[in-house]
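Worksheet: the structure to be examined is printed underneath.
2 protein chains.
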Amino acid sequence: MKKNILGTSAVTQIGILVRDIEKAAQVYADLLGVDKPEIRTTDGPEKSQARFKGKPTAARAKLAFFDIGPSLQLELIQPDGERSTWREDLSRAGEGVHHIAFQIKGMKEKIEALGAEGLPLLQTGEYAGGRYAYLDGSKDLKVTIELLEND
Amino acid sequence: MKKNILGTSAVTQIGILVRDIEKAAQVYADLLGVDKPEIRTTDGPEKSQARFKGKPTAARAKLAFFDIGPSLQLELIQPDGERSTWREDLSRAGEGVHHIAFQIKGMKEKIEALGAEGLPLLQTGEYAGGRYAYLDGSKDLKVTIELLEND
Chain A
1 MKKNILGTSA VTQIGILVRD IEKAAQVYAD LLGVDKPEIR TTDGPEKSQA RFKGKPTAAR
61 AKLAFFDIGP SLQLELIQPD GERSTWREDL SRAGEGVHHI AFQIKGMKEK IEALGAEGLP
121 LLQTGEYAGG RYAYLDGSKD LKVTIELLEN D
Chain B
152 MKKNILGTSA VTQIGILVRD IEKAAQVYAD LLGVDKPEIR TTDGPEKSQA RFKGKPTAAR
212 AKLAFFDIGP SLQLELIQPD GERSTWREDL SRAGEGVHHI AFQIKGMKEK IEALGAEGLP
272 LLQTGEYAGG RYAYLDGSKD LKVTIELLEN D
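Chain order of the listed sequences is A and B. No gaps in the numbering here: position 9 of the first sequence is 9 in the working numbering, and each next residue is one more. To get the working numbering, take the position in the second sequence, counting from 1, and add 151.
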């Protein structure tokens, strides 16, 4: 692999797929000694412009975030039934870690460069203030990678 | 779950099971823009005193560590064929994330308290300057938890 494509070595998020986010968020809140965070739902397709494996998707997910380090978050993800990397992994492999995330600059270039190194693009979408992309790192990295770009 | 059993909310390590640590370490070094780290092998059973599911085990693993944040490490783990949580998960689920780790104080009390909350003890061992324990968090946390206690 080409050296330093990401431009960072800092992981900023660990994403975990769950079937019941209310229950999982309460357990993690207790374990970490914090209040249960607000559970948010990702935007609908008009706003998110979500695409999965090359096609638009109406997939949404419920999310809960915990601070688990100076610049690290744990993200719980409960996907709906629509096509997404979340739904696919939950159906195939069950609950568990889905991705690790990096904050990057230059989303398009990073996706292309990593694609050329054998990390196919799985899913993209927009959120308030930025955008995300999931790349299939299962072959070489053994985990899905999320790129996050904030404006 | 009882509140704040761990005494910390900081995850300090993400552990990933791999079949070929030389190859995986090179890929991660390239991705993260750093030199390939030295690959270490865990101590043998005399030193490690490793126990898996209540019985001594001769299991060892090759390890490679990367700094991926101000107080966060990525750990690649290539287990040998002996009985361990590493070997069991690699054989059952394949390569991928194995655990997230917390630095704690009071190993015995933490193991007991988490056990009472439905996180069974999987494996323990000693290393130079400290000790570890893996707890089965698959039911509620959806991931294996490692406790690390340094002297």
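The C-beta atom is built at its ideal place from N, Cα and C for all residues, glycine as well.
{"Asked": "Nearest-angstrom Cβ-Cβ length linking Ile145 of chain A and Gly96 of chain A, presumed shorter than 8 Å", "Found": "Ile145 of chain A to Gly96 of chain A, Cβ: 16 Å. No contact."}
{"Asked": "Residues, ordered as in the chain, of the segment 194-226 of chain B that lie near chain A by beta-carbon distance below 8 Å", "Found": "Phe217, Asp218, Ile219, Gly220, Pro221, Ser222, Leu223, Leu225"}
{"Asked": "Supposed close pair Gln49 of chain A, Thr85 of chain A - CB separation, criterion 8 Å", "Found": "No, Gln49 of chain A and Thr85 of chain A are not in contact; Cβ-Cβ is about 16 Å, not under 8 Å."}
{"Asked": "Cβ separation of Leu32 of chain A and Lys110 of chain A, assumed to be a contact under 8 Å, to the nearest whole Å", "Found": "Rounded, the Cβ-Cβ distance is 31 Å, inconsistent with contact."}
{"Asked": "Interface partners of Asn4 of chain A on chain B, CB under 7 Å", "Found": "Gly184"}
{"Asked": "Segments of 3+ residues assigned as beta strand (DSSP E) that fall wholly inside the segment 210-241 of chain B", "Found": "212-218, 224-230"}
{"Asked": "Any C-beta of chain B under 7 Å from that of Ile16 of chain A", "Found": "yes"}
{"Asked": "Backbone secondary structure at Val18 of chain A - three-state DSSP", "Found": "coil"}
{"Asked": "7 Å Cβ cutoff, Asp291 of chain B in contact with chain A", "Found": "yes"}
{"Asked": "Contact check, Ala252 of chain B vs Thr159 of chain B, beta carbons under 7 Å", "Found": "no"}
{"Asked": "DSSP state of Gly7 of chain A mapped onto helix, strand, coil", "Found": "coil"}
{"Asked": "Closest by C-alpha distance to Ala128 of chain A, when choosing among A:Ala25, A:Ala29, A:Arg19, A:Asp43", "Found": "A:Asp43"}
{"Asked": "Phe66 of chain A versus A:Pro56, A:Phe52, A:Ile39, residue with shortest Cα-Cα distance", "Found": "A:Ile39"}
{"Asked": "Separation of Leu227 of chain B from Ala176 of chain B, as counted between CA atoms", "Found": "7 Å"}
{"Asked": "Check whether Asp181 of chain B and Met1 of chain A have beta carbons under 7 Å apart", "Found": "yes"}
{"Asked": "Nearest-angstrom Cβ-Cβ length linking Val178 of chain B and Leu141 of chain A, presumed shorter than 8 Å", "Found": "6 Å"}
{"Asked": "Where the segment 75-96 of chain A meets chain B: residues whose CB sits under 9 Å from a CB there", "Found": "Leu76, Ala93, Gly94, Glu95, Gly96"}
{"Asked": "Neighbouring residues, chain B, relative to Asp30 of chain A (Cβ below 7 Å)", "Found": "Met152, Lys153, Lys154"}
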